[in-house]
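Asks: Residue numbers (the working numbering), protein chains in the order written: chain A, 1 to 534; chain B, 1001 to 1059. Idealized CB from N, CA, C, for every residue including glycine. Computed from a predicted model, the values in this text were never measured in an experiment.
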């Protein structure tokens, strides 16, 4: 088997689908009998929808999910913050949708099966991991007790925070855990509330506590509330202790329809990561690789970014088109992302669950000052997830000094723009997800002669190179899109002849101002990324 | 002050409070407040800040 994925959670199933999209077969093992119970991660960010869109799993999630762009925070019963995430009319995806994790798993699974070459074995446990020189052997046990060994060229651990693979290899998380605990409750209740992130500090319904609320599809509310230091965690999740607190809050906000609890769990913030996500032929993704606080919704979203980063690289290595050192860039880039997510998550946690009296006192002061001083309100902002820039990635091609004043730097996510293509109005990011893309900004429909080799890339899949001319006017054709609104030219700091090389995962790898003279550099950049040239 | 600098200041003061301990926190904050208030132009402005802080603390 080329790839064995341990864990059929949202990251494992998405990775299987993404690999299948690149023509790579995989076997997925899952201890549980099916998709998860309880809604668990519920906020899916725009970037995650982009990644799921590469395998067509975005449509059903958007059809079911509840989109939102901002939120409000209250101190007691007074609003102290109203925030919005970046959003514009006719955008491809809302900045965030709320949807239960089991739907993400269901649709990622369906996408994987649709692509073909994916087998998911439920109720199957990976018991022991034996790394070999050019393979990994995994002892497995199925639900009926039968055992066997699976040999895979590559093993991807997507088996969550308590990863068996991580434990088997003797690898340990680094970082810190916070003591502050939150109870997480899902309830079913009819509501017409606007979809937004709602937070209350010291609300009259639960004095001294902090409460978060999110709507989910199927008339479900997610309610998180903070426990005090003297609450017993085991007792705190018993319905007789949970239901009165929820009722008091629903009464306070005027949600009077009958309701019932669906799922109760408890949570404390963790800022943990492995120092490297590659150990020989074993790679780690999602919670098996890192655990970040829930505040800012960076958990599942960063796991999906792991899958989006890894799939094309692993495909290129397995297809013999890239040296396996390309996989080291996966670890470098995603460890950096985890560290940034942890830094933001720690900041949010210090506000949402103050770890000591210093932060508790400062929060009490900041919330009061926020009533009268707008300047401090940014302290309350939940710092929602956004794509991380891989500024130190070995794949980045250094800019020619002075060439660009703005735009998207190498290592950054390629910006979105509304464009006109042959199929009508569309979005620039829809070009990404399969192979490399060269965006060539020019109003001259005749390509420079030096570009012909680029325009006729014989490779397919992740190794392919697609040349797309971004014109500022005129009509679209097979190889050209039109940036009538000027968004792309502005966001890419483009001039006539500017070119961007974009990776299959939608990240900028390099850019050139006078690209016609530099087509050889673009080809060289590509070869260097694939490890075919030093 | 930019949001980034407010956040840095907030975190630095929170960690400073933790270092001196709860007993000495009022002394530290009084010292800090007097230091900052003495840099204002006149007592009138300082008194406004003091009254506002008192009102917010008594909420």
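Any C-beta of chain A within less than 8 angstroms: which residues of the region 1035-1054 of chain B qualify?
Replies: Answer in chain order: 1052.
Asks: Using a threshold of 8 angstroms, state whether the C-beta atoms of residue 164/A and residue 140/A are closer than that.
Replies: Contact: no.
Asks: Leaving aside the five residues before and after residue 107/A along the sequence, list all residues of the same chain whose C-beta is less than 8 angstroms from its C-beta, in chain order.
Replies: Within the same chain, residue 107/A has close Cβ partners 52, 57, 60, 61.
Asks: Restricting to Cα atoms, I'd like to know which of 180/A, 177/A, 157/A is closest to residue 171/A.
Replies: The residue with the shortest Cα to Cα distance from residue 171/A is 157/A.
Asks: Take residue 54/A and list the residues in its own chain whose beta-carbon comes closer than 8 angstroms to its own, dropping the five residues that flank it on each side.
Replies: Correct list, in chain order: 18, 21, 308, 432, 433, 434.
Asks: By the 10 Å Cβ neighbour count, where 16 or more other Cβ atoms means buried, how is residue 326/A classified, buried or exposed?
Replies: Per the 10 Å Cβ criterion, buried.
Asks: Report the rounded CA-to-CA distance for residue 272/A versus residue 356/A, giving the unit in angstroms.
Replies: Spanning the two alpha carbons is a distance of roughly 19 angstroms.
Asks: Measuring straight from C-alpha to C-alpha, what distance separates residue 179/A and residue 268/A?
Replies: Taking the straight line joining both Cα atoms gives about 6 angstroms.
Asks: Quick one: what does DSSP say residue 312/A is sitting in, helix, strand or coil?
Replies: Note: residue 312/A maps to helix in three-state DSSP.
Asks: Which residue wins for smallest C-alpha separation from residue 138/A, given the options 145/A, 474/A, 152/A, 159/A?
Replies: Ranking the options by Cα distance to residue 138/A, first place goes to 152/A.
Asks: Look at the Cβ atom of residue 263/A, then the Cβ atom of residue 190/A, and state whether they are nearer than 8 angstroms.
Replies: The answer is no: Cβ separation not under 8 angstroms.
Asks: Tell me whether residue 493/A is buried or exposed, calling it buried when 16 or more other Cβ atoms sit within 10 Å of its Cβ.
Replies: By the neighbour-count rule (16 or more Cβ atoms within 10 Å), residue 493/A is buried.
Asks: Could you pull the start and end residues of the beta strand (DSSP E) that residue 43/A belongs to?
Replies: Counting along the chain, the beta strand (DSSP E) containing residue 43/A begins and ends at 43-45.
Asks: List the endpoints of the continuous beta strand (DSSP E) containing residue 155/A.
Replies: It spans 154-157 - the beta strand (DSSP E) in which residue 155/A sits, taken as one unbroken run.
Asks: Count the other CB atoms within 10 Å of the CB of residue 382/A; is the residue buried (16 or more) or exposed (fewer)?
Replies: The residue is buried, with at least 16 neighbouring Cβ atoms inside 10 Å.
Asks: How should residue 78/A be labelled, buried or exposed, when 16 other C-beta atoms within 10 angstroms of its C-beta is the threshold for buried?
Replies: Classification for residue 78/A: exposed.
Asks: Identify whether residue 192/A lies in helix, strand or coil by the three-state DSSP scheme.
Replies: Looking at residue 192/A - three-state DSSP - the assignment turns out to be coil, as it is neither helix nor strand.
Asks: If I'm right that residue 184/A touches residue 97/A with Cβ under 8 angstroms, what's the distance once you round it to whole angstroms?
Replies: So it is not a contact: roughly 19 angstroms between Cβ atoms.
Asks: When you compare each of 477/A, 83/A, 420/A, 413/A to residue 506/A by their alpha carbons, which one comes out closest?
Replies: Nearest C-alpha to residue 506/A: 413/A.
Asks: Across the region 345-364 of chain A and the region 300-319 of chain A, are there enough close Cβ pairs to call them in contact, namely three or more that are closer than 8 angstroms?
Replies: No: the two stretches stay apart, fewer than three of their Cβ pairs being nearer than 8 angstroms.
Asks: Please report the residue range of the alpha helix (DSSP H) in which residue 104/A lies.
Replies: That run of the alpha helix (DSSP H) goes 101-115.
Asks: Report yes or no: do the region 445-457 of chain A and the region 420-427 of chain A share at least 3 C-beta pairs separated by less than 8 angstroms?
Replies: These segments do not touch.
Asks: Pairing CB atoms from the region 234-251 of chain A with CB atoms from the region 193-213 of chain A, are three or more of them under 8 angstroms?
Replies: Yes, they touch.
Asks: So, helix, strand or coil for residue 121/A, using DSSP?
Replies: The answer is strand: DSSP assigns residue 121/A an E or B state.
Asks: Distance cutoff 8 angstroms, beta carbons only. Does residue 375/A sit that close to anything in chain B?
Replies: By this cut-off, residue 375/A is an interface position.
Asks: Quick one: which chain A residues come within Cβ less than 8 angstroms of residue 1026/B?
Replies: Ordered by position in chain A, no residue passes the 8 angstroms Cβ test against residue 1026/B, which lies about 10 angstroms from the chain.
Asks: Can you pull the chain B neighbours of residue 379/A, defined as C-beta to C-beta under 7 angstroms?
Replies: What residue 379/A touches in chain B: 1006, 1007, 1010.
Asks: Whole beta strand (DSSP E) runs in the region 125-179 of chain A with 3 or more residues, listed along the chain?
Replies: List check, beta strand (DSSP E) in window: 125-131, 136-141, 147-152, 154-157.
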